[in-house]
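In what follows, a structure is listed as structure tokens, so that the remarks can point back to it.
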Amino acid sequence: MELEDLKKTWDKISSENEKRQLNQEDIDTLLKNRTLDITEKIGRNIRIGLIIILAWIGLWVAIEMRVTPKLEKIISEPTLSGNLVNWMTAIEGFTYLLIIVAIIVFWVNYNRIEKQNSTQINLKKKITLHIRTLNLYKTMFYIILIIILLNITVAFSTGFISGFNSQTVAQQLNISNISFFKWLIIGMSFLLTLGIVISIYYFLFHLFFNRLYGKYLKQLKNTLKEFDEVNSLQ
Amino acid sequence: MKDVFLNIVTQNQGIIHKVCGIYCDTHEDRQDLFQEIVSQLWRSFPTFRNESKVSTWMYQVSLNTAITHFKKNKKRPDRSEIGKSIYLIPDEIYDDTFEDQVKVLHKAIAKLSRIEKSIVLLYLEDKKYEEIAEIIGITQNYVRVKMNRIKGKLKKLMEEEA
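As they're listed, the protein sequences go chains A and B. Heads up: the first sequence is residues 1105 to 1338, going by this note's numbering. Heads up: the second sequence is residues 13 to 174, going by this note's numbering.
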């Protein structure tokens, strides 16, 4: 089969396909039932993320203000000292604040890119803008992941130290009598458990993002690379 | 404004069908892409001011959408449709030889990159290098070089298929 045969085949299919026409009503229905494209979906996800985090913070504030004081009255011997509780609350509040700031910053940047993207007709610029939106989303994803991991680390460390303190008090142990080897075992088990928890979270987030957009992002980058061949050809 | 838009798209919908045919393997994918192209055309319609030809604008938006189209990860694409149904070949022109030619055409085009597919489509539509360059947003020189490479690639692919 030669190129000319290929062209003839194409013409034959095209001329027959011309006869298969949708009418204006069909096209209008398609337009009315339209779904969001990828960048619009990312915008929607950022908005949903912000709503979820605000709802979560609302719940957290409600628990801190209403439930925690009542629990403190019920539990006669608190396992955590007052300073530790305040410290944890402050860190948790700070991480939530960081997440909100991150989402707002990304939302502003997303809108800036999307404004250019919606009217963009140049293919190379359009691909570049798509890549920028996805990279922005990816960065937001990882920054929030880091903040969450920081939060987990703080909560885990606090719980570990608190548990260790209460055990030493309950068993009337003198910390200075604990041997170096035992300290090493305690330290290693702490780091190992923390490492496993952080790795699982990181792996799951990473897998989730790559499964969703990894292949697509790679495809766009390859297409852009193909465009850049222009420079080498001229 | 919507009536004008619907009229333009209805009259020139062949462009969208061809773009969908060249970029999609399955009927479902073609429908998705067709809908997305119509929606992108509607989004960019307010900025279309008859500075370029309607067909040029439609090719630009359709190809931009097809090239940046996000396909959800599915299990292996169903390629069993290749042949009669992929390009909606009517019964009156359908025969085994023609089916073979369509298969070769589809298989050869499927192995091209996204940019190459757009250039081939416009070439098959008898567009001049100048217009291809305008639609894709590249230089004529690039189109010329790229087209020569694609022709070689297609010839090789078709020989392999034959």
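All residues carry an ideal CB built from backbone N, CA and C; glycine is no exception.
For leucine 1288 of chain A and leucine 1277 of chain A, the gap between their C-alpha atoms comes out near 17 Å. Of the other Cβ atoms in all chains shown, 16 or more fall within 10 Å of the Cβ of lysine 1228 of chain A; this residue is therefore buried.
Annotation: the continuous alpha helix (DSSP H) that includes cysteine 32 of chain B extends over 25-35.
Judged by DSSP in its simplified three-state form, lysine 65 of chain B adopts coil rather than helix or strand. At a cut-off of 8 Å between beta-carbon atoms, leucine 1240 of chain A makes no contact with chain B. By the Cβ-count criterion, isoleucine 27 of chain B is buried, with 16 or more other Cβ atoms from all chains shown falling within 10 Å of its own Cβ.
Rounded to the nearest angstrom, the gap between the Cα atoms of leucine 1110 of chain A and leucine 133 of chain B is 12 Å.
Residues of the region 1308-1331 of chain A with a Cβ closer than 9 Å to any Cβ of chain B, in chain order: Arg1315, Leu1316, Tyr1317, Lys1319, Tyr1320, Gln1323, Leu1324, Asn1326, Thr1327, Glu1330, Phe1331. Between the region 1297-1305 of chain A and the region 1227-1244 of chain A there are fewer than three C-beta pairs closer than 8 Å, too few to call the two in contact. Residue-level contact check: isoleucine 1225 of chain A touches chain B, since one or more beta carbons of chain B fall below 8 Å from its beta carbon.
With respect to leucine 1249 of chain A, phenylalanine 1309 of chain A sits close: the two C-beta atoms are nearer than 8 Å. Residues of chain A whose Cβ lies closer than 8 Å to the Cβ of lysine 119 of chain B do not exist, since the nearest Cβ in that chain is about 11 Å away. Apart from sequence neighbours up to five positions away, the residues of its chain that approach leucine 166 of chain B with a beta-carbon distance below 6 Å are Ala120, ordered along the chain. Listed along chain B, the residues sitting closer than 8 Å to asparagine 1127 of chain A by beta-carbon distance are Thr22.
A direct Cα-to-Cα measurement between isoleucine 1155 of chain A and leucine 1238 of chain A gives close to 21 Å. The region 1123-1163 of chain A contains no complete beta strand (DSSP E) run of 3 or more residues.
For isoleucine 131 of chain B against lysine 163 of chain B, the beta-carbon gap comes to about 10 Å, at or over 8 Å, which does not count as contact. At least one CB of chain B lies nearer than 8 Å to the CB of serine 1222 of chain A.
Annotation: the continuous alpha helix (DSSP H) that includes threonine 1327 of chain A extends over 1319-1331. DSSP, reduced to helix, strand and coil, places methionine 1292 of chain A within a helical segment of the structure shown.
Under the criterion of beta carbons closer than 8 Å, glycine 1153 of chain A and isoleucine 1217 of chain A do not qualify as touching, at roughly 17 Å. From the beta-carbon of arginine 1138 of chain A, the residues of chain B found nearer than 7 Å are Gln47, Ser51. Residue contact with chain B for threonine 1297 of chain A: absent (no Cβ-Cβ distance below 8 Å to any residue of chain B). If you look at glycine 149 of chain B, you'll find it isn't in any alpha helix (DSSP H); DSSP assigns it neither H nor E. When the beta-carbon positions are compared, leucine 124 of chain B and threonine 1113 of chain A stay at least 8 Å from each other. Take arginine 156 of chain B, set aside five residues on each side of it, and the residues of its chain with a beta-carbon closer than 8 Å to its own are Tyr141, in chain order. Residues of chain A whose Cβ lies closer than 7 Å to the Cβ of phenylalanine 82 of chain B are, in chain order, Ile1142, Tyr1320. Residue contact with chain A for glutamine 152 of chain B: absent (no Cβ-Cβ distance below 8 Å to any residue of chain A). Within chain B, the residues Leu136 have their CB atoms less than 8 Å from the CB of lysine 1111 of chain A, given in chain order.
Valine 50 of chain B is a Cβ neighbour of isoleucine 1131 of chain A, given a cutoff of 8 Å. Annotation: the region 1256-1282 of chain A contains no complete segment of the beta strand (DSSP E) (minimum length 3 residues). The three-state secondary structure of leucine 1311 of chain A, taken from DSSP, is helix.
Under the three-pair Cβ rule at 8 Å, the region 1190-1198 of chain A does not count as touching the region 1131-1149 of chain A.
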